[in-house]
Structure formats: C-alpha cells, structure tokens
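Just so you know, full-length UniProt numbering puts 157 at position 157 of the sequence shown, and the rest follows in order with no gaps. Beta carbons: idealized from backbone N, C-alpha and C, even for Gly. Here's the structure we're looking at; comments come further down.
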Amino acid sequence: MNAQDKVQAEQVLKHLFMGTQVDGLQFGLSSSTNKLYFTNYKEIEDIGGQLYLNIETKWCLFENSPIEYPANENEIEDYTEAEQYNRIYQIRRQKVTNVQLGETAPHLLLTLENGYTIFINGCNDMYECWQAGVEDEEELWLVVAAPGNEIAFWVPDRFQW
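Here is the structure:
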C-alpha cells in the first residue's frame, strides 16, 4: 500500500465516519457479505446520501484493542450469520471515535465510543475486501480496499485535503 494513498484514504474515511453511528445492517447473498449503514449526526453539509460500509471479507469485533491485529482472513474467526448480527447489535448506535488503516495492508479499524473496535480484513490478492462510501447519485465518495493490498478512493473535487 502506497504511504501517500494511505494517508489520503484515512483523511477521507475520517471525514466520512468520525462522529457517525452504526444504525443499520443489510445481510448479503453470502455469509461473508454485509452492509453496515451509518447515521451522520455531525453537521457536515458536503455529504448527502446514505453512508455505508460494504464488507466482503472476514471481520471481527474487539472489545479492547489487541496488542496485534490479524494479518489476514486466516487469523479471523468465522462468525455465523447469527453471531454477526449479535456483534453488530452490540455496537448499534455507538459513535465512531477513530478511523485507521493497517500499516501494510488496508485493514479498516473503526473505534467506537464504547471502546470496541471493528476490524475488517483488507488483505486479498484476488478481490476487494471492503468499500466505504456514500450512496449519492450526485457525487462520488468511495474508498476501496483493492486487491493486492492496495487502497483506492474517489472524492468530489471540492474535498479539502
């Protein structure tokens, strides 16, 4: 992952997610695909539409930050659909207080006000692990954990770096 891309992608993710809260869940066709919806209670006028995080890989919920996060999917426990739902239920309405990407791979870490951290794997050579953005027909806000430990992002031209 390119260091400059990492810094810029984190800026975009923080702009989108800081102060928002987990408010919805949509299960996908497979047990590893879920979409989390976030409500934006911050007064950010430049973001319209629904904020989401589409997860297409393994993820886990940490009650406390571990000394070391998983390096890839193989180090993450398999959750059943019921377990996934219960973990999301544990963090409902919790505000995001920090957003980070992994050091060498675009693992996504969302820290919540209750101290929990959502860890989404970002390491795969064949497919996108997650996408975060805004469902808005007027503008494109999108950050993607791309294959090969890369990160890609699209923002409106008016975004202030």
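Just to confirm, are residue i and residue j a CB contact at a threshold of 9 Å?
i: phenylalanine 17; j: leucine 61; result: no
i: residue 199; j: alanine 132; result: It is not possible to answer for residue 199, since the shown part of the chain is limited to 1 through 161.
i: leucine 142; j: tryptophan 161; result: no
i: glutamine 84; j: asparagine 114; result: no
i: alanine 3; j: proline 106; result: no
i: valine 144; j: isoleucine 47; result: no
i: isoleucine 151; j: leucine 101; result: yes
Could you pull the DSSP bridge partners for residue i from this structure?
i: glutamine 100; result: Leu109
i: tryptophan 141; result: Val134
i: tryptophan 161; result: For tryptophan 161, which the question treats as bridged, DSSP gives no partner whatsoever.
Buried or exposed for residue i, please, with buried defined as at least 16 other CB atoms from any protein chain shown within 10 angstroms of its CB.
i: alanine 146; result: buried
i: asparagine 121; result: buried
i: methionine 1; result: buried
i: glutamate 77; result: exposed
i: threonine 104; result: exposed
Taking the beta strand (DSSP E) that residue i belongs to, which residues open and close that run?
i: tyrosine 79; result: Run containing tyrosine 79: none; DSSP gives neither H nor E here.
i: phenylalanine 153; result: 150-154
i: cysteine 129; result: First-last for cysteine 129: undefined, no H or E at that position.
Provide the residue span of the alpha helix (DSSP H) that contains residue i, from first to last.
i: lysine 14; result: 3-17
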